[in-house]
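Engineer:
Numbering (the numbering used here), first residue to last: 8 to 363.
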């Protein structure tokens, strides 16, 4: 065989080998099907001018300006870069697994951890709430965070079986986080718990469980909903409020998280607000994305609590088109973030869990 022929054969073998290598790198087999994978990480996010924050720990750049998911040219006010350390602590700037497989019904139901927080003025309500839950779930783990709770009240929870009592430590946060009436504690506590547990059910201290099997009902609904793209969210709320997002939205919040449609925020069919007094959170890539902004808002002085914001509403007869001059703090922020993504509150609303 001539040298030219040998060289051609060698190049052919080398080419076939290289193509096979690329195929093995970019594809894997699951359930008999080839699935594309990205071994070199996701494409770097394009960070708008003036929106980058640089990690002192890694040197990586992160976007601190929210971009409306329906129109990426609509950009919110930049959050303070000093809060990057908190996001890194909570693993909210990088995709850190493991993530929940929402199709694994039995495992997710088994793994659910209930979480709540309490100050002294809600002690009796919290005792009643926990009692109602333990009636149906006596062996489930329950994490109670005390917010400047007295020693005697804290001692009560420390003695209960399957209850873990924790002190909500605010030493790393701005002082205004300690104003419990601004509800900044909720996203911060949930972000902390999500580092440890992948399936979380939040319950405000006053929430009472009145019916059994709510976890089973939820995960069955998730399975059906995901298969039909009716319930794609990994953050799922349960309780309607009978008013729109617009009615309880201080306009200043839109400086941080701009909407693509005021009409959507007013819509009774698609823009109704849901209660954030009890809801389910699964640790997924999507949840981490939402929590990044929810936590940043909680750490910012005017995002979670715009000037003159208060919870006392002045509803008109129309509870959807008219601003009621009130604000729902953590609830208003979470609903806005979810609605901006899904454009319809039914995408993150469980209609089957009717247990409260």
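Think of the CB as a built atom: it goes at the ideal place given N, C-alpha and C, for glycine as much as any other residue. As the structure is a computational prediction, the values presented were derived from the model and not from experiment.
1. Using CA atoms only, rank isn't needed, just tell me which of 134, 325, 126 and 300 is closest to residue 166.
2. Where does residue 123 land, buried or exposed, given buried means 16+ other C-beta within 10 angstroms?
3. Under the three-state reduction of DSSP, which class applies to residue 338: helix, strand or coil?
4. Could you please give the first and the last residue of the uninterrupted beta strand (DSSP E) stretch that includes residue 121?
5. Does the count of Cβ pairs from the stretch 135 to 153 and the stretch 102 to 110 closer than 8 Å reach three?
6. Rounded to a whole number of angstroms, what is the C-alpha to C-alpha distance between residue 157 and residue 175?
7. Tell me, please, which residues DSSP counts as bridged to residue 288.
8. Let me check understanding here. Comparing Cα to Cα, which of 148, 339, 153 and 359 lies closest to residue 260?
9. If the criterion is Cβ atoms closer than 8 Å, does the pair residue 240 and residue 114 meet it?
10. Would you identify the three-state DSSP class for residue 173, choosing helix, strand or coil?
11. Within 10 angstroms of the Cβ of residue 249, are there 16 or more other Cβ atoms? Answer buried if so, exposed if not.
12. For residue 184, which option in 200, 155, 218 and 173 has the closest C-alpha, if you only look at C-alpha atoms?
13. Counting pairs of beta carbons, one from the stretch 342 to 362 and one from the stretch 270 to 289, are three or more of them closer than 8 Å?
14. At 4 residues or longer, what runs of the alpha helix (DSSP H) sit wholly inside the stretch 239 to 279?
15. Please classify residue 304: does DSSP put it in a helix, a strand, or coil?
16. Closest to residue 190 by C-alpha separation, out of 315, 311, 204 and 343, would be which residue?
17. For residue 53, does the three-state DSSP call read helix, strand or coil?
18. Should residue 358 be labelled buried (16 or more other beta-carbon atoms within 10 Å of its own) or exposed?
19. Would you identify the three-state DSSP class for residue 68, choosing helix, strand or coil?
Structural biologist: In terms of the structure at hand:
1. Translated into the one-based positions of the chain shown, residue 166 becomes position 159. Per the Cα distances, 134.
2. Taking the chain shown and counting its residues from 1, one reaches residue 123 at position 116. It is buried - the Cβ of residue 123 has at least 16 other Cβ atoms within 10 Å.
3. In the chain shown, residue 338 corresponds to position 331, counting from 1. In the three-state DSSP reduction, residue 338 falls in the helix class (H, G or I).
4. Within the chain shown, numbered from 1, the residue matching residue 121 stands at position 114. Start and end: 120 to 125.
5. Counting Cβ pairs under 8 Å, fewer than three are found: no touch.
6. Translated into the one-based positions of the chain shown, residue 157 becomes position 150. Translated into the one-based positions of the chain shown, residue 175 becomes position 168. Taking the straight line joining both Cα atoms gives about 13 Å.
7. Locating residue 288 in the chain shown gives position 281, counting from the first residue. Per DSSP, 207 and 242.
8. Mapped onto the chain shown, residue 260 falls at position 253. Answer by Cα proximity: 339.
9. Here the question's residue 240 lines up with position 233 in the chain shown. Here the question's residue 114 lines up with position 107 in the chain shown. Their beta carbons are not under 8 Å apart, which means residue 240 does not touch residue 114 by this criterion.
10. Along the chain shown, read from residue 1 onward, the residue named residue 173 stands at position 166. Reduced to three states, the DSSP call for residue 173 is strand.
11. Position 242 of the chain shown, counting from 1, holds the residue named residue 249. So residue 249 ends up on the exposed side.
12. In the chain shown, counting from the first residue as 1, residue 184 sits at position 177. With distances taken between Cα atoms, residue 184 lies closest to 155.
13. yes
14. 269 to 273
15. As a working note, residue 304 is residue 297 in the chain shown. Of the three classes helix, strand and coil, the one that applies to residue 304 here is helix, per DSSP.
16. Position 183 of the chain shown, counting from 1, holds the residue named residue 190. With distances taken between Cα atoms, residue 190 lies closest to 311.
17. Mapped onto the chain shown, residue 53 falls at position 46. DSSP places residue 53 in coil when its eight states are reduced to three.
18. For this step, residue 358 is matched to residue 351 along the chain shown. When all chains shown are included, residue 358 counts as exposed.
19. Indexing the chain shown from 1 puts residue 68 at position 61. Residue state, collapsed to three classes: strand.
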